[in-house]
Structures are given as C-alpha cells and as structure tokens.
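Asks:
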C-alpha cells in the first residue's frame, strides 16, 4: 500500500468500511508513515467536530410531527382536503371508502342514500333472468348454479333451464331525519366486518346527536369501536354535549384507556372545552400515567390554563 | 478503529410484533399498526431531516410528507427489500428535493450575515438553543460557520451519503441500496465529501 491509496482509504477505514485484509495493510502503513498517520488523525478531528454539530430533534418537535401526521391519517377530512393530489389508498378494506367520500359528503339534512350491501336473492322466475354471454362464463358464475332442468312449455328440444343464485344490490332512499332510515343507519354503524360502513354511518348520524338513540350510539362507538377513525368521528359528534355528565364520564374513560394517542388528544380537547375544578385531579392523574408526550403536554397545558399545578403533592 | 455513529438507525418495535406482521396489518388497513410502524422509525427520520436541512419547518414537512407517502403506498411494498430501505428511499428522495431547491435558491448557508452580526439558523431550534451549554455556543460561533460552509460545498448527493454514514450510522452498501446506486459509488461519494470538507476546514480542533 502506498500513500496515495492509503489517503483514499482513510475515510473508509475510519467508518469501518474496509475488508479486514485491507484494514490490516492500512494499519501497517500508518505505523510506519507519519504523514499518513497525520491524515488519519485529521480525519478523526473532522469527525469529532462534525459530531458536535449534530442537533438532536427536540421531544416537542417529534410529538408535534407525530400528532400532525396522525391527525392527517385519522381525519379523512384533512387527507382529502390537503391533497387533491392524494390518490385513492389502494384496495385496503378499511380505507376503500376514502375515494368515494364525495357522495357521502352531502349537506347535512339532505337525503340519505343507503347502500344496504349485497342481499342474496334467489331469482328463480324465468323473466328475471337477464341474457349473458355464455362465452364469458367466470368461475363465480359457474359456482352460482343452483338447479338445472329441461325447459318445459314450448322450449325447443334439448333446451335446458339453469337457475343461478345472483346477488342484487338494493337501494333505499329517504330523509336522514326519518326514523326508519335512522334505524337502518344505526344498525349499519354496528357492522363488525365493515369499518368503512361504520365510519360512514357515524359521520351521517353525528349531525343528529340531539336524538337520544344517536347520542347513545356515539357514546357506544367512541368507547367500543375497534377502529380509531370511527372512534374519532363519534367523539366529534359528541362535542356539543361535552357539558353532559354522562358524556364526560365516557370521554374520561377514553382519555384514560384508549390505545390511540390521536383519540386521547381529541378526548382531552373535548373535556377541557368545559374544564372545571373537578377536572384538576383527573388531569393530574392523566399527566402521571400518560406515556405519550404530546397528550401529556396537552393535559399539562389545560391544567396551566386552569391555574392548577401539573403535579400532585 | 471507529465505530458506527452513535444512535444508528434501529427499529423500536415491540418484541411481540415482528415488523412483517405489522406491515401486513397496515396493508390490511389497521391504522393502529401504522402508528406503531411510524413510531419504530420516526425518530431516525426526524433526526435525518433536522440535521440535513437545518430547518425545523422543513424537517416537519419532510416527516409529514414521507410518512403520508408510506401510508398511501404501502400496498405496493412487496417485501423485496427491507422496510427500512424502502422508507429511507422515500425520505431521502424528499430530502434531496429540498436540498436541490435550496441550491437553486442559494440558501445553503446556516450562518448568515445580518446588520447585528452573524445569525445562526440553528437558532431555529429554540429548545436546543435554550439548553445548550456556553462552551457549545462559543464553538458554534467560531467553528459552526466553517463547518456549514464546508457542508454547503457538497453536492446534495454527497451531503446525503455523508449524513447517512456519519450521523445515521448506515453501512455504505445499505446507503447504495437506498439511493439506487452501487456500494462503490457510495464509497466514492463519501471519499469526495470528506476530501472537500478537509480542503475547506483544514486541520483544526
């Protein structure tokens, strides 16, 4: 190894990027060459100076970034609003509703259009059968055959009749204030297998939180729904009732136990909108046990706004 | 022999959940899993953005844009590289865009002259400045300008390779993967970066 090659290898040596044999050769050279040893020392000094330049991001900045991100993710309003540029989010079941929000974002009180899902209907009446291209049979169509029989009553010789189970979408329209429509949406808000349907249902109903069954549903969803987006939407619908003791009790439970920091932050905001002295001890307790920096800071800020101490003595 | 830079990138995942399971859960639409995945990497991402861009505002933008891109496109992640590499491709692309725009605007210098004397853009970090010790402040004034000037002389790509190796502790092979180039090209980039800095800074302590 000569000085020229060693000079080039010193940075790699310093960062531990040399193969062991090259590293040995280089070290042997450094032992015998004062000029290269000085270059290696200069590399170490440069590195030490650069180390001192490093800025660790503050905990507050990290918490703020996390909070902003999760708000953008959880609040679809933010996502859709921020970016006409955001493309639909793939075909994930939970998020499949995002690109189709448009029809649902109708003015409050306007007609509700409910797609009730696919209802299996056995269409055995010959008149109901629609013509289809036999050359394009798919496995789904083949699997839906339920019975076969010769055609009677005027059929040509050799003609058969095949009965298929088909699925049919039924659409019901009505006013959101109609109690029957509300009953359907209340039921949809509990569909365990479809968080998107629950979210849409809660979003529609939250404008009718003056109705007891709706408020009961919102309380149930904010406390029980497995999906954080649905819980947030339900919590949003309860904002007008944050002075109600029953609502406050549920929100306090959410703040203490919800797994999502985004939901806990929304609960802090809702609870502190009507902060009273009775909140001081509770918020101090949350500050003690909360492991999310940003939620803790929000609680501490609420306590400071109430002229209360953050800690307990 | 030098060690990897302190605080080398490492996922902070709960031992109960391996990363692949977490990613698959996110791909199925589990937002809580997404939050866990973010938390495994977000400190490293923010540290890279803060130190590379030296601007709290820009770092905040990079953080948001990078993880929203992950959120929107995780369906396309096919496990043909590590998630860390995939994520860092996104992050470094966004950071490189910022650096290139700055080059055009010639806003690279961290310390700028004002009628009241030199103003260090590091003061964009109030919490850091408030807790910094006097010795460090003195060092910032005397040496910081030279260091930032030296770093400002690097191309965005050299700057990125240097940042990833020196501050993030990534291996050059991994850096090559992230930047879509070879390990050899990453080595050359690191060599050029250190040569340029030594030329500007000379020998100092």
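Chains as they are written, first to last, in our numbering: chain A, 45 to 357; chain B, 5 to 209.
In this text, a Cβ means the ideal position worked out from N, Cα and C, and glycines have one as well.
In chain order, what residues of the same chain have a beta carbon less than 8 Å from the beta carbon of residue 51 of chain A, not counting five sequence neighbours either side?
Replies: Counting only Cβ-Cβ distances below 8 Å, and skipping sequence neighbours, we find 80, 83.
Asks: For residue 55 of chain A, which residues in chain B fall below 7 Å Cβ to Cβ?
Replies: What residue 55 of chain A touches in chain B: 194, 195, 198.
Asks: Using a Cβ-Cβ cutoff of less than 7 Å, which residues in the same chain neighbour residue 324 of chain A once the five nearest sequence positions on both sides are dropped?
Replies: Here the set comprises 347, 350, 352.
Asks: Using the Cα positions of residue 152 of chain B and residue 79 of chain B, report the straight-line distance between them to the nearest angstrom.
Replies: Going from the Cα of residue 152 of chain B to the Cα of residue 79 of chain B covers about 39 Å.
Asks: Mind listing the chain A neighbours of residue 46 of chain B? Cutoff is C-beta to C-beta under 9 Å, in chain order.
Replies: Residues of chain A passing the Cβ test: 106, 109, 110, 113.
Asks: Classify residue 237 of chain A as buried or exposed, calling it buried when 16 or more other Cβ atoms lie within 10 Å of its own Cβ.
Replies: By the 10 Å Cβ count, residue 237 of chain A comes out exposed.
Asks: Looking at the secondary structure, which residues open and close the alpha helix (DSSP H) in which residue 240 of chain A lies?
Replies: Counting along the chain, the alpha helix (DSSP H) containing residue 240 of chain A begins and ends at 239-249.
Asks: Show which residues of chain A have a CB atom less than 7 Å away from the CB atom of residue 55 of chain B.
Replies: Chain A residues near residue 55 of chain B: 98, 99.
Asks: Please work out which residues of its chain come closer than 7 Å, Cβ to Cβ, to residue 55 of chain A, disregarding the five sequence neighbours upstream and downstream, and give them in chain order.
Replies: Only 87 meet the Cβ criterion.
Asks: Closer than 8 Å is the cut-off here; do at least three beta carbon pairs connect the region 77-92 of chain B with the region 179-186 of chain B?
Replies: Touching, per the Cβ criterion.
Asks: What do you get for residue 205 of chain B, buried or exposed, if any count of 16 or more other CB atoms within 10 angstroms of its CB means buried?
Replies: The residue is buried, with at least 16 neighbouring Cβ atoms inside 10 Å.
Asks: Is residue 354 of chain A close to chain B, meaning its C-beta is less than 7 Å from at least one C-beta of that chain?
Replies: No, no contact with chain B.
Asks: Compute the beta-carbon to beta-carbon distance between residue 167 of chain B and residue 52 of chain B, rounded to the nearest angstrom, for a pair I have assumed lies under 8 Å.
Replies: The Cβ separation is near 7 Å, so the contact holds.
Asks: By the 10 Å Cβ neighbour count, where 16 or more other Cβ atoms means buried, how is residue 178 of chain B classified, buried or exposed?
Replies: By the 10 Å Cβ count, residue 178 of chain B comes out buried.
Asks: CA-CA distance, residue 1 of chain B and residue 35 of chain B?
Replies: With chain B covering only 5 through 209, there is no way to say anything about residue 1 of chain B.
Asks: Between the C-alpha atoms of residue 162 of chain B and residue 94 of chain B, what's the straight-line distance to the nearest angstrom?
Replies: Roughly 17 Å between the two C-alpha positions.
Asks: I'd like the list of long-range same chain contacts for residue 107 of chain A, defined as Cβ closer than 8 Å, with 5 residues on each side in sequence excluded.
Replies: Taken in chain order, the residues that qualify are 336, 337, 338, 341.
Asks: With distances taken from CA atoms, which of A:46, A:90, A:53 is nearest residue 213 of chain B?
Replies: Residue 213 of chain B lies beyond the range of chain B shown here (5 to 209); nothing can be said about it.
Asks: Tell me, please, whether the CB atom of residue 63 of chain A is closer than 7 Å to any CB atom in chain B?
Replies: Answer no: the Cβ-Cβ gap between residue 63 of chain A and chain B never drops below 7 Å.
Asks: CB residue 278 of chain A to CB residue 291 of chain A, shorter than 7 Å?
Replies: No, these two residues do not count as a Cβ contact at 7 Å.
Asks: Does DSSP put residue 216 of chain A in a helix, a strand or coil?
Replies: Looking at residue 216 of chain A - three-state DSSP - the assignment turns out to be strand.
Asks: If the criterion is Cβ atoms closer than 7 Å, does the pair residue 283 of chain A and residue 314 of chain A meet it?
Replies: Yes, the Cβ-Cβ distance between residue 283 of chain A and residue 314 of chain A is below 7 Å.
Asks: Leaving out the 5 sequence neighbours to the left and right, which residues in its chain are closer than 8 Å to residue 97 of chain A when beta-carbon positions are compared?
Replies: So no residue of the chain qualifies.
Asks: Taking the alpha helix (DSSP H) that residue 201 of chain B belongs to, which residues open and close that run?
Replies: Element bounds for residue 201 of chain B: 187-205.
Asks: Using a Cβ-Cβ distance under 7 Å, would residue 338 of chain A count as near chain B?
Replies: Residue 338 of chain A does not count as touching chain B.
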